[in-house]
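Beneath this line is the structure, given in structure tokens, with notes to follow.
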Ligand code: AMP
């Protein structure tokens, strides 16, 4: 829908309107969860093809366009976002007129890897050894002090493994600095972690906080491929620690909505990697695998409604469809399989859908997953 096609708000108190900055699959799934609750949705996205156009009104404009933001949010009960790249100034521009959740401070903290790491440190959340790096000399000093291997990441703008380079020996220093374009970065110790875990939490209007079970995430080439939920073999103490980190972050940021925290597990240690102030790919399993999905609880939280239970219903695996989609006829034959197609054009490396398989126990899940694997197309790389 063009910018002139935004429908006026209903004007009744019991039909809330939520504006979402960004109209990708996360926005689409927020609306798919909120529509049954009688919520209406509007989206702002730079692409007229934004997949959320199917589930709400779409204004097409850059996410930093102040006039478009005013238009899309006029008459809304709340503005939220589904992409952490939303310019902080654009979100801040709104706060005098309409409620914006999660708070802009969480958005800006997540946009700069140095500020994010400093936030973790301030809250006593362990992180890999790191240094801020503003030039080749800083980089050499960091390599000297922290050692190699290490990973150099741009402070802003990186995602899915982009904007980062691994250094294995001192000879890599100059090349690594140039490879990232000579921009402010952080140098981080490269961890030989056992696995990557994430915790997703939600905080409501009154400060009520809940966490979904810990999730194990397997990546390939920097992109999330599979999430296992609840993560197998988790010590209750480790889970309590992860939930403690989440609680501290939610309180410190005076948060409202869903927050994701990605971590590395090294033996008994849990080290924070990054936060995402939004619903997260590693929480897609909650649509069918939990009592209340991350999408529904985000909508409940930003509207000030009571939160739903985050308990798992059995065990789940979420498989991302990257670049290509499986045939529905084959996937849907697998018991417990739920196919989500985002309605996006297929392109290599692009997340175009996902499948969640739910089962009552791990043995059944393994058998179902083996069946699903036969139905999935080859890897698009
Ligand atoms: P990020 O963009 O920070 O999420 O990093 C993308 C991926 O790179 C992560 O999912 C890890 O697999 C890997 N990675 C990032 N930081 C480190 C690190 N300090 N040590 C080892 N691997 C890392």
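Residue numbers (the numbering used here): 276 to 656.
For each residue, glycine too, the CB sits at the ideal point set by N, CA and C.
Span of the beta strand (DSSP E) holding residue 615?
-> Start and end: 612-616.
Kindly list the residues whose CB is nearer than 7 Å to the CB of residue 537, restricted to its own chain and excluding five residues on each side of it in sequence; keep chain order.
-> Sequence-distant Cβ neighbours of residue 537 in its own chain, meaning closer than 7 Å and more than five residues away, are 471, 473, 548 and 549.
For residue 333, which residues from the same chain have a beta carbon less than 7 Å from its beta carbon, with the 5 sequence-adjacent residues on both sides left out?
-> Answer for residue 333: 276, 298, 318, 320, 325 and 327, listed in chain order.
Given that a residue counts as buried once 16 or more other Cβ atoms are within 10 Å of its Cβ, and exposed if not, what is residue 491?
-> With a threshold of 16 other beta carbon atoms within 10 Å, residue 491 meets it and is buried.
Residue 404 beta carbon less than 8 Å from that of residue 389 = No, the Cβ-Cβ distance between residue 389 and residue 404 is not below 8 Å.
Sequence-distant residues of its chain with Cβ nearer than 6 Å to residue 304 (five each side left out) | Excluding its 5 nearest sequence neighbours in each direction, residue 304 has C-beta neighbours in its own chain below 6 Å: 570, listed in chain order.
Cα-Cα, which of 553, 604, 597 and 343 is closest to residue 621?
-> If you compare the alpha carbons of 553, 604, 597 and 343 with that of residue 621, the shortest gap goes to 597.
What's the call for residue 535, buried or exposed, on a 16-neighbour Cβ count within 10 Å?
-> Its Cβ being crowded by 16 or more others within 10 Å, residue 535 is buried.
Helix, strand or coil for residue 639 per DSSP?
-> Here residue 639 sits in helix by DSSP.
Starting from the N-terminal end, write out each residue whose C-beta falls within a distance shorter than 7 Å of any non-hydrogen atom of ligand 1.
-> Near ligand 1, residues with a Cβ at less than 7 Å from any of the ligand's heavy atoms are 403, 426, 428, 433, 434, 435, 436, 439, 463, 464, 465, 466, 468, 471, 494, 497, 537, 539, 548 and 549; the list follows chain order.
Report the residue from 308, 464 and 603 whose alpha carbon sits nearest the alpha carbon of residue 414.
-> Nearest of 308, 464 and 603 to residue 414, Cα basis: 464.
Hey, quick one: how far does the alpha helix (DSSP H) through residue 494 stretch, first residue to last?
-> Element bounds for residue 494: not the alpha helix (DSSP H) but the beta strand (DSSP E), 490-495.
Figure out for me which residue from 300, 301 and 309 has the closest Cα to the Cα of residue 292.
-> Taking each of 300, 301 and 309 in turn and checking the Cα distance to residue 292, the smallest one comes out for 309.
For residue 306, which beta-bridge partners are listed by DSSP?
-> DSSP lists no partner for residue 306.
Helix, strand or coil for residue 534 per DSSP?
-> Here residue 534 sits in strand by DSSP.
Roughly how many angstroms lie between the CA atoms of residue 639 and residue 590, to the nearest whole one?
-> Spanning the two alpha carbons is a distance of roughly 9 Å.
Cβ shell of residue 481 (< 7 Å), same chain only, five flanking positions each side left out = Here the set comprises nothing.
Which residues in the same chain have their Cβ closer than 7 Å to the Cβ of residue 398, if we skip the five residues on either side of it in sequence?
-> Excluding its 5 nearest sequence neighbours in each direction, residue 398 has C-beta neighbours in its own chain below 7 Å: 523, 524 and 527, listed in chain order.
Does the pairing of the region 499-507 with the region 553-567 give three or more beta-carbon distances under 8 Å?
-> Here the region 499-507 lies against the region 553-567, with 3 or more beta-carbon pairs under 8 Å apart.
Could you check where the beta strand (DSSP E) with residue 294 kicks off and where it finishes?
-> Looking at the DSSP string, the run of the beta strand (DSSP E) that includes residue 294 is 292-296.
Could you tell me whether the Cβ atoms of residue 578 and residue 545 are closer together than 8 Å?
-> No, the Cβ-Cβ distance between residue 578 and residue 545 is not below 8 Å.
Own chain partners of residue 278 with C-beta closer than 7 Å, once the 5 adjacent residues on each side are dropped = Its pLDDT being 43, under 50, residue 278 is placed unreliably in this model, and the coordinates cannot settle the point.
Nearest neighbour of residue 581, chosen from 625, 312 and 302 [CA to CA] | Taking each of 625, 312 and 302 in turn and checking the Cα distance to residue 581, the smallest one comes out for 312.
Take residue 606 as the anchor and find which of 565, 583 and 652 has the nearest alpha-carbon.
-> When 565, 583 and 652 are compared, the shortest CA-CA separation from residue 606 is found for 652.
Taking only the alpha-carbon atoms, compute the straight-line gap between residue 381 and residue 511 and give it to the nearest angstrom.
-> Their Cα atoms are separated by approximately 28 Å.
Quick one: what's got a C-beta closer than 6 Å to residue 436's C-beta in the same chain, skipping five residues either side?
-> Once the five neighbours on either side are set aside, the close Cβ partners of residue 436 are 497.
Top-ranked residue by Cα proximity to residue 412, from 421, 393, 442 and 449 | Distances from the CA of residue 412 to each of 421, 393, 442 and 449 were compared; the closest alpha carbon is that of 449.
Please state whether DSSP places residue 392 in a helix, a strand or coil.
-> DSSP places residue 392 within a helical segment (H, G or I) once states are collapsed to three.
Between the CA atoms of residue 316 and residue 295 - distance to the nearest angstrom | If you take the alpha carbons of residue 295 and residue 316, they lie about 7 Å apart.
Per-residue DSSP class, three states only, for residue 344 = Three-state DSSP puts residue 344 in a helix.
Close Cβ partners of residue 454 (< 6 Å) along its chain, the five nearest in sequence each way excluded = Correct list, in chain order: 440.
Which listed residue (530, 469, 609 and 508) has its alpha carbon closest to that of residue 375 = The residue from 530, 469, 609 and 508 with its alpha-carbon nearest to that of residue 375 is 530.
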